[in-house]
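Accompanying notes for the structure given below.
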């Protein structure tokens, strides 16, 4: 059978992640330093506490039955209540009915995409933005536009559309929006009458004790979730472990009802076992696991920033992340990070070229470095290898003054 | 914000499951006999073995790291190999590349729907058929047609389309297709040039040792999976537990590649922890858990069929399932099972009206009874309550001769 003539029109929009291909290729080589991927450090998982939580849930007869049986599409009530309480504690009145538990934030993005996007619907994003969101929204036919395109906004608000923003320790840029930038994003979304999706995967891994107010919090200004037009995405993948496949959406209840119906057709429900284990962990450890992880990632960030200062000159710039996993590097104009990847892999280090994070395939001279997975020693070694791999290209673009030193 | 003007056109096609509403409503009443829902018997889960498998995976440093980390979208290699071996053992040459692990069969249905269905694509189904498949395919705009509509098939095969068939212990009818019926389904699909999806959730819960060849097996006749046009869906939800949220798709490798890309955008991956636990359970117990479950469900089926014979006369008919969870009851024409549901719930028993399983909303005089969740004593009591609830309606439609006896 000629499958290409049998598959749907909608499926032609689906593209595989270029990042996963890069990582898979590089993983087959020994002694590789992984600055690609966005995985948590495997040495940092709270193995003992997670195992104890599974054991506790599966030993309790009533919890075990709930955990192993079919369960509601909305999610386990106790976990929805916990999520609502977390939001309320930041000054955003929130009820259980404002929360839908999902099978990871990628599913949250897909469900939100299904709810708001048809072929051609404008989706306003940061540049760069998270490649997984581009992938999820593109599958539904999103027409991407820059959220910050001064003056080029359409004069009239589109009848449909969506804003997508990562305000804290963004993947891929590592940038955290200032309060002013947050207020401006809210103003843009309001002017265009856009529902605004805030993907908050990393605020739980902030490196200091001065959290910034979320876009949801700022836009509501004390009003309850139901009275706003912000949609807030959270996940346990970074603060506990991706293997739980447990995340959640906070949104006005009419949207949660629609998203629940969509989720029911998409995968019925998220594992109640994972939900009960996550609830046990957050209730028993009270955020301690996330604090330990944030401490470890701060150390790794410090090592990477220090090594970058040592190894690179002023013709290369990078961001200074306040949390999360990522440093974003910008090379001089005319250097293509994709073209240099093979040389980097040959030198024993792998990164993600920045084009994957641009809807319009721009950003050729950028790349994403993740410091989350590697030990401090390996980070130093990796940055050194990166400098060795990039040096010839940098030397060619350097003004004669610097070039003479090489 | 007026959300109804902001949501997508595609989301207007999404309908919530009517079954979940029925079950939720009835569950709030005490002493209810649940013949609704399609859940496994909660008393039958292999609690100890499942807990031991989680403990084993999470105690092994290498397995624990794989389990908790991000993992490949295709699934864990060991589990894909196991699934391929299972298929090969039934005479269908199958490789790892023919297997995609999913987060439950509902996700398999959604992914297959995305791959083959655009608005208006014809989808040929049995009448009745599984309501969750109608829900998943309807979300993508399927135009449902009866697979068995003699003579009314379009003269030319549609350029796109899909066949969807449950051959073993069907949900909802409890029917198992004979070899002749299977061959006829294959012939119809071939004539219409339809990719054929076989949803095999229940063949692992067959009540005797005479398994019938799957549609995939019959259609391939010894050829490898890659040379056919059948797509085979399996799940651990019935043979281990729904809480694992682990199922798989067997299909030609070009389709697995496309389905993998779609899954990547939909939820990145299925929990590697669940996959490793499922693999541990099938490798260590070798199907023993499924055999114990099948024995228990056979006893429950026997009790239900016996009680139906005792309580109902010849004006009501029902199926004789050879496996699975369900008996399908047909009432005399003119009796509406939906209208009688409130009376049944008042009598302390709940079922699912048959209309939920008909794409065209027909089947008013049918209903689905599940014997999976209740103990033998409760099944007897429930069938008695059902007879009491239906008696007045049955008496009104009965010929005078029988009516005189009441």
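Residue numbers (the numbering used here), protein chains in the order written: chain V, 3 to 408; chain W, 3 to 408. All C-beta atoms, glycine included, are put in the ideal place defined by N, C-alpha and C. On a predicted model such as this, the values are computed, not experimentally measured, just so you know.
Under 7 Å by beta carbon: chain V residues contacting residue i
| i | result |
| --- | --- |
| residue 106 of chain W | 269 and 270 |
| residue 378 of chain W | Neighbours of residue 378 of chain W on chain V: none; closest Cβ ~19 Å, over 7 Å. |
Inter-residue Cα distance where the pair is residue i and residue j
| i | j | result |
| --- | --- | --- |
| residue 67 of chain V | residue 43 of chain W | 10 Å |
| residue 101 of chain W | residue 319 of chain V | 44 Å |
| residue 235 of chain V | residue 16 of chain W | 22 Å |
| residue 227 of chain V | residue 88 of chain V | 13 Å |
| residue 326 of chain V | residue 175 of chain V | 10 Å |
| residue 160 of chain V | residue 127 of chain V | 15 Å |
| residue 382 of chain W | residue 305 of chain W | 7 Å |
| residue 216 of chain V | residue 187 of chain V | 11 Å |
| residue 400 of chain V | residue 343 of chain V | 20 Å |
| residue 40 of chain V | residue 81 of chain W | 24 Å |
| residue 262 of chain W | residue 94 of chain W | 22 Å |
| residue 347 of chain V | residue 28 of chain V | 7 Å |
| residue 112 of chain V | residue 138 of chain V | 5 Å |
| residue 275 of chain V | residue 317 of chain W | 45 Å |
| residue 391 of chain W | residue 173 of chain W | 24 Å |
| residue 331 of chain W | residue 72 of chain V | 24 Å |
| residue 328 of chain V | residue 180 of chain V | 18 Å |
| residue 23 of chain W | residue 269 of chain W | 26 Å |
| residue 164 of chain W | residue 231 of chain W | 11 Å |
| residue 229 of chain V | residue 222 of chain V | 8 Å |
| residue 341 of chain W | residue 37 of chain W | 17 Å |
| residue 86 of chain V | residue 92 of chain V | 10 Å |
| residue 214 of chain W | residue 110 of chain W | 23 Å |
| residue 19 of chain V | residue 26 of chain V | 11 Å |
| residue 307 of chain W | residue 195 of chain W | 39 Å |
| residue 405 of chain W | residue 368 of chain W | Interpretation of residue 405 of chain W is limited by its pLDDT of 41, a score under 50 that renders its predicted location unreliable; no figure is taken from the coordinates. |
Neighbour list for residue i in chain V, Cβ cutoff strictly below 9 Å
| i | result |
| --- | --- |
| residue 118 of chain W | 8, 9, 10 and 13 |
| residue 161 of chain W | 7 and 8 |
Nearest-angstrom beta carbon gap, residue j and residue i [assumed within contact, 8 Å]
| i | j | result |
| --- | --- | --- |
| residue 129 of chain W | residue 360 of chain W | 6 Å |
| residue 171 of chain W | residue 208 of chain W | 7 Å |
| residue 142 of chain W | residue 119 of chain W | 4 Å |
| residue 280 of chain V | residue 248 of chain V | 5 Å |
Amino acids of chain W, ordered along the chain, whose beta-carbon sits closer than 9 Å to that of residue i
| i | result |
| --- | --- |
| residue 256 of chain V | 5 and 6 |
| residue 67 of chain V | 44, 45, 47 and 49 |
| residue 1 of chain V | Past the edges of chain V, shown from 3 to 408, lies residue 1 of chain V, and the structure says nothing about it. |
| residue 203 of chain V | Result: empty, since nearest Cβ-Cβ is about 13 Å, beyond 9 Å. |
Pair within 8 Å by beta-carbon distance, residue i and residue j
| i | j | result |
| --- | --- | --- |
| residue 254 of chain W | residue 8 of chain V | no |
| residue 410 of chain W | residue 311 of chain W | Since the first residue of chain W shown is 3 and the last is 408, residue 410 of chain W is not available in this structure. |
| residue 272 of chain V | residue 105 of chain V | yes |
| residue 190 of chain W | residue 218 of chain W | no |
| residue 315 of chain V | residue 339 of chain V | no |
| residue 409 of chain W | residue 245 of chain V | Since the first residue shown for chain W is 3 and the last is 408, residue 409 of chain W is missing from the structure and cannot be characterised. |
| residue 277 of chain V | residue 122 of chain V | no |
| residue 125 of chain W | residue 145 of chain W | yes |
| residue 324 of chain W | residue 210 of chain W | yes |
| residue 333 of chain V | residue 353 of chain V | no |
| residue 59 of chain W | residue 376 of chain W | no |
| residue 103 of chain W | residue 243 of chain W | no |
| residue 184 of chain W | residue 149 of chain W | no |
| residue 260 of chain W | residue 117 of chain W | yes |
Chain V contact residues for residue i, given Cβ-Cβ distances below 8 Å
| i | result |
| --- | --- |
| residue 18 of chain W | 262, 263 and 266 |
| residue 149 of chain W | By Cβ distance, chain V contributes nothing, its closest Cβ being about 17 Å from residue 149 of chain W, past 8 Å. |
| residue 137 of chain W | 266 and 267 |
| residue 57 of chain W | 53, 56 and 57 |
| residue 60 of chain W | 49, 52, 53 and 56 |
| residue 274 of chain W | 245 |
| residue 397 of chain W | Going along chain V, no residue has its Cβ under 8 Å from residue 397 of chain W, so there is no contact; the nearest lies around 36 Å. |
Interface residues of chain W facing residue i [CB-CB closer than 7 Å]
| i | result |
| --- | --- |
| residue 133 of chain V | Under the 7 Å cutoff, chain W gives no residues; its nearest Cβ is about 11 Å from residue 133 of chain V. |
| residue 109 of chain V | 268 and 269 |
| residue 235 of chain V | Per Cβ cutoff of 7 Å: no residues; residue 235 of chain V is ~14 Å from chain W at best. |
Distance cut-off 7 Å: residue i Cβ against heavy atoms of the ligand GDP
| i | result |
| --- | --- |
| residue 318 of chain W | This structure simply doesn't include the ligand GDP, nor any ligand for that matter. |
Within chain W, the residues that residue i reaches when beta carbons sit closer than 8 Å
| i | result |
| --- | --- |
| residue 112 of chain V | 267, 268 and 269 |
| residue 231 of chain V | 3 |
| residue 123 of chain V | 10 |
Quiz item: So, do the stretch 285-296 of chain W and the stretch 363-371 of chain W have three or more beta carbon pairs nearer to each other than 8 Å?
Solution: no
Quiz item: Is the stretch 45-59 of chain V touching the stretch 391-401 of chain V in the sense that three or more CB pairs, one from each, lie closer than 8 Å?
Solution: no
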